[in-house]
Amino acid sequence: TKLDDSKMAGAEGDDSLYPIAVLIDELRNEDVQLRLNSIKKLSTIALALGVERTRTELLPFLTDTIYDEDEVLLALAEQLGSFTVLVGGPEFVHNLLPPLESLATVEETVVRDKAVESLRKISQEHSPVDLEVHFVPLVKRLASGDWFTSRTSACGLFSVCYPRVSSTVKAEIRQHFRTLCSDDTPMVRRAAASKLGEFAKVLELDYVKSDIIPLFTALASDEQDSVRLLAVEAGVSIATLLPQEDLEALVMPTLRQAAEDKSWRVRYMVADKFSELQKAVGPEITKTDLVPAFQNLLKDCEAEVRAAAANKVKVFCENLPEDSRETIIMTHILPCVKELVSDTNQHVKSALASVIMGLSTILGKDNTVEHLLPLFLVQLKDECPEVRLNIISNLDCVNEVIGIRQLSQSLLPAIVELAEDAKWRVRLAIIEYMPLLAGQLGVEFFDEKLNSLCMAWLIDHVFAIREAATCNLMKLVEKFGAEWAQNTIVPKVLGMANDSNYLHRMTTLFCINALSGVCGQEITTKHMLPVVLKMSTDQVANVRFNVARCLQKIGPVLDSSALQAEVKPVLEKLATDQDMDVKYFALEAISVLALA
Amino acid sequence: MIVFVSAGIHVTCMFEYQHLESFQQRRDTKTPVAYCNPSTHILTLIMRLRLFAGLAEVQPRPWFRPRMLSPVLCSDLAALEPEYTEADVISTVEFNQTGEFLATGDKGGRVVIFQREPQGEYNVYSTFQSHEPEFDYLKSLEIEEKINKIRWLPPHNPAHFLLTTNDKTVKLWKVSERDKRAEGYNLRDEEGRLKDLSTITTLQVPVLRPMDLLVEASPRRVFANAHAYHINSISVNSDCETYLSADDLRINLWHLNITDRSFNIVDLKPENMEDLSEVITVAEFHPHHCHLLAFSSSTGTTRLCDMRARALCDQHAKLFEEAVDPSRRSFFSEIVSSVSDVKFSHSGRYLLTRDYLTVKVWDLNMENKPLETYQVHDYLRTKLCSLYESDCIFDKFECAWNGTDSVIMTGAYNNYFRMFDRASLRDVTLEASREVCKRRAVLQPRRVCVGKKRKETDVSVDSLDFRKKILHTAWHPKENIIAIAASNNLYIFQDRMAPNGHHNTPEIQSAPPK
């Protein structure tokens with residue numbers, strides 16, 4: 001208020017300056033939130049100062065503001081990326097380089113990355129001349145900086161300036177990149193390795209062969225695992241750039257070596273990038289090299305690698321050349337898959353279970369029945385619930401090929417077991433698949449085998465399960481229709497209203513909340529409403545206020561006569577309840593339903 | 001070079017030192033505080049950590065009241081001797097990669113960083129409270145603030161980064177300098193008074209002006225909730241993006257940028273805790289090979305793990321263990337064989353392990369026996385029973401390599417520390433205590449005798465003070481400068497032959513550190 005007073009007093013001062021003055025002052029406020037707020041409105045400040053003062057005063061100040069909190073610096077780095085207009089357009093865009101340069105050297109990776117992103121953005125706004133006069137020198141400065149932070153930032157800037165500079169400068173840029181690839185610190189080599197593919201894309205093909213390939217080979221045999229694994233990804237990008245006839249000589253020896261690297265992390269990376277690799281090298285090399293490599297990865301001694309490879313089984317098989325797809329899968333891949341089904345590691349099995357069903361569409365009905373079905377059945381009986389869940393969650397793939405009936409014999413015990421698992425998260429997961437299963441198995445099968453499970457979940461001792469169970473009922477009604485609901489589930493749900501356990505009585509209310517909409521006005525008014533109203537006299541306050549909330553929820557489904565005649569008196573009575581919460585929710589319902 | 005007598009043979013001492021005056025200036029006064037011309041004598045600095053901590057005005061301790069700062073008391077430091085609290089006891093000492101900085105942590109959760117001035121002496125650079133005492137309400141356990149380990153990160157930018165840990169939580173600290181300050185507000189003057197708005201006709205952008213150098217320490221990351229037992233080690237990987245933290249039973253791997261996730265790589269916890277037979281005592285990464293880590297256990301073994309082979313390193317690649325001579329086996333055999341510290345040599349070829357009575361050098365290529373074994377205080381072998389009763393037998397002594405891996409240092413009792421020259425097999429016992437570190441006095445080697453005193457200066461085993469122990473020592477990565485922590489005192493000694501960082505003995509010159 002003191003500020004406001006002085007503002008009044010200064011009536012002859014320039015009022016329009018005041019909000020900007022506050023913003024500028026808050027750039028230095030002790031409260032991070034206010035500083036952040038000011039930084040986010042930096043464009044407003046710049047606009048008020050005008051392009052000249054922004055260039056000569058604001059930017060120099062910002063250049064030295066690198067002591068601040070990360071979140072402030074991050075916001076600043078982001079703002080500066082779209083500041084070109086505010087400093088006077090492309091002609092003056094190089095004025096933004098100093099603050100971004102200092103941000104590109106801070107220790108916090110996210111800030112540096114954002115500064116690099118902004119630098120890349122504004123590099124496009126530089127004229128070719130400005131690029132060589134201002135931007136390239138900045139890249140060189142960063143590339144030869146004392147600290148690794150600046151050198152890592154430089155790695156991301158080469159590719160944006162390379163295409164737009166003269167051939168002499170291009171040669172210098174290539175030289176700088178070469179130097180960074182053999183930097184002393186692993187951090188810089190990692191940054192260079194991760195940008196190698198991107199840089200290769202902007203280089204002329206001859207230089208890719210003469211410059212990039214040796215760098216790639218060197219990084220792929222770096223002493224640090226963390227560098228070698230990044231080279232794998234670069235290798236994939238490089239492979240897409242080279243003509244088929246050069247791949248074998250230039251890239252494949254290194255990639256083969258990576259697939260057999262001593263470090264599991266590198267092999268993991270190969271497994272993880274396998275489908276990209278497959279696309280990059282084309283069908284011939286896939287057949288000759290990748291298939292055996294993939295077999296090895298599926299049999300790797302490290303479970304993490306097997307799991308990563310198992311995840312790729314479906315995509316790899318899908319992308320195999322059509323002429324030999326089935327043969328390769330049946331003779332090379334499937335034997336490995338069979339072994340993985342009984343792997344010692346549950347992560348491997350569950351990774352496989354999440355994709356294995358996809359093979360059925362590729363292999364067709366006969367092969368699925370003969371070869372895959374036995375595997376599905378084994379996995380449905382796996383000791384690890386996650387494996388069983390993953391199989392169940394992908395049932396739709398099999399359904400299309402052979403129909404779910406083939407599986408139902410084994411499916412049912414698996415579902416029942418999961419439904420009664422001691423871990424509530426497992427029970428929760430299987431509930432979430434119920435609507436899907438119901439759709440595939442049909443209403444008869446469902447009523448016969450699964451309906452009782454769904455009702456049993458309503459009285460689970462974990463709230464999250466009861467909640468999910470009510471939601472599940474709603475989805476089932478959406479699938480099977482209101483009539484089905486009225487015959488099968490509504491009576492059971494309403495029966496729980498007389499349960500001695502108040503938690504079960506509340507479950508009735510929660511079910512009604514969920515079901516009223518999908519069941520429609522008739523069922524709601526005729527069957528549900530009387531039960532809800534009757535519960536308004538429950539001795540437990542929690543039940544009573546949930547009655548009020550329930551009425552508020554189902555109100556829109558009811559017609560106005562029912563609202564006025566039946567709901568209103570009950571809510572008015574609840575509004576005078578001695579319990580505070582009951583009163584509160586009753587009043588809220590009255591006002592929301594406009595019954596006052 | 002000074003010659004001293006040890007066991008009747010003349011040996012060359014690498015370290016001799018003199019006491020320089022105690023100091024109490026603050027860093028920003030830019031006054032050389034304790035300085036002695038290195039060309040004339042060995043430079044010795046005795047630093048009383050408690051004084052520094054007080055002078056830096058961070059978390060004054062009960063003993064440090066303004067009256068303690070009175071000139072009389074400061075000039076008469078001996079008077080202060082008994083007056084330190086448990087919180088002032090130094091619990092870890094660590095040089096950074098260049099040796100320009102030295103960090104100490106204490107039982108009070110404070111970290112003090114010393115910087116080496118161009119003249120060679122170390123002065124307080126920054127002091128901060130790293131950990132506070134906490135209470136785990138779920139387990140009804142107090143979590144001490146004591147700093148168990150400090151590790152410096154390789155330099156990133158002009159700021160310095162270090163990891164500190166107590167029993168449960170690892171923190172990453174940034175120590176940075178600031179020498180500019182923004183000036184100029186629109187709505188207020190520099191004192192913070194509001195300006196009359198009518199006088200504001202133009203907007204003012206703040207400008208940065210030079211100011212006195214300010215060193216700030218700020219917490220960057222907190223790596224918590226990953227350890228059920230007490231953390232005993234942290235070690236930064238040579239890839240500079242991961243580090244490990246080890247507790248009694250598990251070793252976890254962290255990414256320096258990720259605080260909410262860590263990977264367990266070693267787990268010794270048996271299904272049934274009654275089957276527990278060993279605990280992890282120390283774990284350390286190899287200095288160059290990012291995939292190698294060594295960890296030692298209470299059974300006297302040191303295991304080398306290859307992280308390339310598997311994600312979980314429960315199975316070791318190598319096991320370094322020396323068979324115990326059955327004839328010498330006793331009730332205390334296992335306790336004294338427990339490894340209290342493991343250090344890779346700078347070259348990465350050797351492992352240094354310390355157990356209660358010895359320090360051993362292992363070649364990574366030879367698992368069945370150590371390359372060299374040095375007795376630290378073999379005369380205690382007959383005293384183990386009383387050391388057991390006083391719990392001293394469980395003391396965890398650290399050990400250190402010099403920059404060229406040619407000399408080994410480790411602590412002992414009675415404020416003694418030991419050095420072993422690997423090439424000449426000479427050894428020396430020195431004492432770091434205030435009484436002997438007198439101004440310009442040269443530290444004399446000590447000798448503990450078992451039987452009758454042969455010389456005036458000999459000390460008999462029975463008169464050793466077991467409360468005075470040197471557990472934490474550190475060696476400058478390149479030069480012959482050592483830091484010794486003795487309860488609340490930090491002593492920094494420099495080889496007098498190395499005023500400019502070059503030792504003049506041929507064996508050291510021939511193998512310059514990396």
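Here the protein sequences come in this chain order: E and U. Residue numbering for the first sequence follows the UniProt record's numbering, beginning at 1 and increasing consecutively. Residue numbering for the second sequence follows the UniProt record's numbering, beginning at 1 and increasing consecutively. Virtual Cβ for every residue (Gly too), placed ideally from N, Cα, C.
- Checking the DSSP bridge columns, you'll see M269/E has no partner listed.
- Annotated three-state conformation of S233/U is strand, per DSSP.
- Using a CB distance cut-off of 7 Å, L364/U does not count as an interface residue toward chain E.
- Interface residue (Cβ-Cβ distance to chain U less than 7 Å): L17/E is classified as such.
- For R354/U, there is no enclosing alpha helix (DSSP H); the enclosing beta strand (DSSP E) covers residues Y350 to R354.
- Closer than 8 Å at the C-beta level to chain E, one finds these residues of the region 221 to 241 of chain U: S238, D239, C240 and E241.
- Residue ranges of uninterrupted alpha helix (DSSP H) with 4 or more members, entirely inside the region 551 to 582 of chain E and ordered along the chain, are 568 to 574.
- Among the residues of the region 173 to 201 of chain E, those with a Cβ less than 7 Å away from any Cβ of chain U are T185, P186 and M187, in the order of the chain.
- Interface residue (Cβ-Cβ distance to chain U less than 7 Å): S263/E is classified as such.
- Runs of the alpha helix (DSSP H) lying entirely within the region 263 to 331 of chain E, each at least 4 residues long, are 264 to 272, 274 to 285, 291 to 298, 303 to 311, 313 to 318 and 325 to 328 in chain order.
- For R28/E, the nearest beta carbon of chain U is closer than 7 Å to its own beta carbon.
- Near chain E, meaning a CB-to-CB distance below 9 Å, the residues of the region 199 to 217 of chain U are T199, I200, T201, T202, L203, Q204, V205, P206, V207, L208 and E216.
- If you draw a straight line from the Cα of V85/E to the Cα of N96/U, it is about 46 Å long.
- With a 10 Å radius around the Cβ and a threshold of 16 neighbouring Cβ atoms, Y268/E comes out buried.
- Here E432/E carries a helix assignment [DSSP, helix/strand/coil].
- Note: L42/E is not bridge-paired with any residue in the DSSP secondary-structure output.
- C-alpha of L384/U to C-alpha of A294/U: approximately 28 Å in a straight line.
- Counted as a single uninterrupted DSSP element, the alpha helix (DSSP H) harbouring H176/E occupies residues S167 to C181.
- Under the Cβ criterion of 7 Å, H156/U is counted among the residues facing chain E.
- For H291/U, at least one C-beta of chain E is nearer than 7 Å to its own C-beta.
- Chain E has no Cβ within less than 7 Å of the Cβ of N252/U.
- Short of 8 Å from the beta carbon of V570/E, and not among the five residues preceding or following it, lie these beta carbons of its own chain, in chain order: L533, S536, V547 and L551.
- When the beta-carbon positions are compared, K41/E and A75/E stay at least 7 Å from each other.
- S275/E and E117/E have their C-alpha atoms roughly 28 Å apart.
- Only residues of its own chain outside the window of five on either side were considered, and among them Y229, L268 and K269 have a CB closer than 6 Å to the CB of L249/U, listed in chain order.
- Ranked by Cα distance from L352/E, the first of A308/E, P335/E, H371/E and V369/E is A308/E.
- In the assembly as shown, M434/E is a buried residue. Its beta-carbon has 16 or more other beta-carbons within 10 Å.
- With respect to chain E, the C-beta atom of Y125/U has no partner C-beta closer than 7 Å.
- In this structure, A271/E places its C-beta atom within 7 Å of the C-beta atom of V305/E.
- DSSP places M474/E in the uninterrupted alpha helix (DSSP H) bounded by F463 to F480.
- Residue S43/E holds the alpha-carbon nearest to the alpha-carbon of A77/E among E57/E, E432/E, S43/E and P90/E.
- Against A21/E, the close residues of chain U are N186, L187, I200 and L203, in the order they occur along the chain (beta-carbon pairs closer than 7 Å).
- What K180/U touches in chain E, judged by beta-carbon distance under 9 Å, is D64 and Y67, going in chain order.
- Looking from the CA of G555/E, the closest CA among P321/E, L529/E and E572/E belongs to L529/E.
- Within the region 251 to 284 of chain U, the residues whose Cβ lies closer than 8 Å to any Cβ of chain E are, in chain order, N257.
- F263/U: member of the beta strand (DSSP E) spanning S262 to D267, first to last residue.
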